[in-house]
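**Student:** Residue 41 in UniProt numbering sits at position 41 of the sequence shown; the count goes up by one each step and never skips. Positions of the beta carbon are idealized from the N, C-alpha and C atoms, including for glycine. This is the structure, below, for whatever I ask next.
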Amino acid sequence: MLWRSGINIIAYCLYSIGSEFFSFRNISDVSAFPAFLLIFLFISFFLKPISNAISRYFEKIADYGALTISNNPQAFIRLMARFCNEERALTFHNPIFEFYSYSHPSIGKRIKSAERFLRMEGE
Numbered sequence: 001m002l003w004r005s006g007i008n009i010i011a012y013c014l015y016s017i018g019s020e021f022f023s024f025r026n027i028s029d030v031s032a033f034p035a036f037l038l039i040f041l042f043i044s045f046f047l048k049p050i051s052n053a054i055s056r057y058f059e060k061i062a063d064y065g066a067l068t069i070s071n072n073p074q075a076f077i078r079l080m081a082r083f084c085n086e087e088r089a090l091t092f093h094n095p096i097f098e099f100y101s102y103s104h105p106s107i108g109k110r111i112k113s114a115e116r117f118l119r120m121e122g123e
């Protein structure tokens with residue numbers, strides 16, 4: 001969450017630089033709002049995949065922790081399959097769409113990682 005504050009600070013700094021260039025009086029100037037909005041949208045568009053990748057990484061760690069602590073990968077696999085059936089969710093998604101939009105790994109990837117954990121545990 002701290003890095004999101006950093007993004008806001010960067011957006012504000014870019015806005016300040018742009019406000020001098022476009023001769024806006026201050027941040028409360030109504031005519032400056034579209035410029036601030038465009039700057040923030042531009043930054044958000046490019047940082048969203050990074051944010052989601054970080055979130056997916058921590059979700060993978062959380063899944064591994066759940067598998068390790070519970071010591072029952074079969075229950076995890078059944079739970080993920082149940083989520084998929086009840087929510088009528090797709091097991092696998094378009095990789096590009098998942099990269100850009102998803103903050104959690106797809107259910108199919110979570111099931112595959114649990115199966116991999118189960119195979120490693122059995123060895």
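1) Helix, strand or coil for ARG25 per DSSP?
2) For ILE10 and ARG78, what's the separation of their Cα atoms in angstroms?
3) Less than 6 angstroms between C-beta atoms, sequence neighbours within five positions excluded: which residues of the same chain meet that for ASN80?
4) For the UniProt domain "Peptidase M48" (23 to 115), which segments carrying the alpha helix (DSSP H) assignment without a break, of at least 4 residues, lie completely within its bounds, in sequence order?
5) Taking 7 angstroms as the cut-off, is the beta-carbon of ARG78 closer than that to any non-hydrogen atom of the ligand PLP?
6) In angstroms, rounded to a whole number, what distance separates the CA positions of CYS13 and ASP63?
7) Within a Cβ cutoff of 6 angstroms, which residues of the same chain sit near ARG56, ignoring the five residues on either side of it in sequence?
8) Could you pull out every residue in the same chain whose Cβ sits closer than 7 angstroms to the Cβ of residue 143, ignoring the five residues on either side in sequence?
9) Considering only C-alpha positions, which residue in the set GLU115, PRO73, GLU87, PRO49 is nearest to PHE99?
10) Between GLY6, GLU121, GLN74, ARG25, which lies nearest to ILE43 when the distance is taken from Cα to Cα?
**Tutor:** Let me spell this out:
1) Locating residue 25 in the sequence shown gives position 25, where the first residue counts as 1. Of the three classes helix, strand and coil, the one that applies to ARG25 here is coil, per DSSP.
2) The residue labelled residue 10 in the question sits at position 10 within the sequence shown. The residue labelled residue 78 in the question sits at position 78 within the sequence shown. One C-alpha to the other measures close to 44 angstroms.
3) Position 80 of the sequence shown, counted from the first residue, corresponds to residue 80. Inspection of the sequence shows that residue 80 is occupied by Met rather than by Asn. Excluding sequence neighbours, MET80 sits near ILE107, ARG110, ILE111.
4) Given a length threshold of 4 residues, each whole run of the alpha helix (DSSP H) inside the UniProt domain "Peptidase M48" (23 to 115) is given here in chain order: 33 to 70, 73 to 87, 95 to 101.
5) Among the components modelled here there is no ligand, and therefore nothing to report on the ligand PLP.
6) Counting from 1 along the sequence shown, the entry for residue 13 is found at position 13. Counting from 1 along the sequence shown, the entry for residue 63 is found at position 63. Distance between the alpha carbons of CYS13 and ASP63 is about 38 angstroms.
7) Within the sequence shown, numbered from 1, the residue matching residue 56 stands at position 56. Taken in chain order, the residues that qualify are PRO105.
8) As shown, the chain starts at 1 and ends at 123. That puts residue 143 outside it, with no answer to give.
9) Within the sequence shown, the letter at position 99 stands for residue 99. The residue with the shortest Cα to Cα distance from PHE99 is PRO49.
10) Here residue 43 corresponds to residue number 43 of the sequence shown, with the count starting at 1. Looking at the Cα atoms, GLY6 is the closest of the given residues.
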